[in-house]
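Undergrad: Structure provided below as C-alpha cells; questions to follow.
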Amino acid sequence: MAGFSKVVATIFLMMLLVFATDMMAEAKICEALSGNFKGLCLSSRDCGNVCRREGFTDGSCIGFRLQCFCTKPCA
Numbered sequence: 001m002a003g004f005s006k007v008v009a010t011i012f013l014m015m016l017l018v019f020a021t022d023m024m025a026e027a028k029i030c031e032a033l034s035g036n037f038k039g040l041c042l043s044s045r046d047c048g049n050v051c052r053r054e055g056f057t058d059g060s061c062i063g064f065r066l067q068c069f070c071t072k073p074c075a
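With UniProt numbering, letter number 1 in the sequence shown gets 1, and the count goes up by one each step, no holes.
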C-alpha cells in the first residue's frame, strides 16, 4: 500500500507542476505610436529601428494609415 501512495503522490506532483507552468502568464505587450517616425510606414524593419532608438523593444507598421507603432513589455 505504501508503494501505491508514492505513485499517487508522484502523479499529483506532476499534475501540479504542469498546471502551475501553464498558468504562468506571459508579459503583455504595450504599443504606442512612434514620436519620431516620419511619413508612411512601409518597412517594419525601419520602424523597429526608430522605435529602438526611442527606448522600445521593437516596432511595426500597423493599420490602414500605415503608421509606425512601437512595442515593449507592459510594466
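Even glycine gets a Cβ: it sits at the ideal position worked out from N, Cα and C.
Note that the structure is predicted; figures quoted are calculated from it, not measured.
(1) Run the CB neighbour count on G39, radius 10 Å, all protein chains shown included, and call it buried at 16 or more, exposed below.
(2) Out of S60, G55, L33, point me to the one whose CA is closest to D46's CA.
(3) Tell me the rounded alpha-carbon separation between R52 and G3.
(4) Could you give the first and the last residue of the continuous alpha helix (DSSP H) run that contains G48?
(5) Which one or two residues does DSSP pair with A32 in a beta bridge?
(6) Cutting at 6 Å between CB atoms, please list the residues of its own chain near P73, excluding the five before and the five after it.
TA: Reading it off the structure:
(1) exposed
(2) S60
(3) 57 Å
(4) 44-53
(5) C70
(6) A27
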